[in-house]
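Numbering (the numbering used here), first residue to last: 1 to 105.
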């Protein structure tokens, strides 16, 4: 048997395995679909919650309550990174909006 025929058999077997592993597309999915506005609002709310939590932890630490410095620093860094991420997303959205305005119809 020539090598090309063996390669064809192997590729055919691989395709059959891949086809067997695929799942049918479920178009009757009843999950609630979020629009862009909802996703952005949820993200802003989460970042705000992290900022408020970080501030509360700092206040508790300053007052001498049972909060470790490690926790305060960790939550503060998470809140800072989340805010930086949100600002970058805002900048990308702004850039995309500016590009869309440049398009002539």
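Ideal placement from N, C-alpha and C gives every residue a C-beta, glycine not left out.
Limits of the alpha helix (DSSP H) - the one that residue i falls within
{"i": "residue 65", "result": "Neither: residue 65 is in no alpha helix (DSSP H) and is coded neither H nor E."}
Anticipated Cβ contact below 8 Å, residue i with residue j, distance rounded
{"i": "residue 78", "j": "residue 50", "result": "6 Å"}
{"i": "residue 63", "j": "residue 76", "result": "That pair is no contact at about 16 Å."}
Spell out a yes or no on whether the stretch 84 to 102 and the stretch 43 to 59 are touching, meaning 3 or more CB-CB pairs, one atom from each, closer than 8 Å.
yes
Is the stretch 89 to 104 touching the stretch 52 to 59, taking contact as three or more C-beta pairs under 8 Å?
Contact between the stretch 89 to 104 and the stretch 52 to 59 is absent, with fewer than three C-beta pairs closer than 8 Å.
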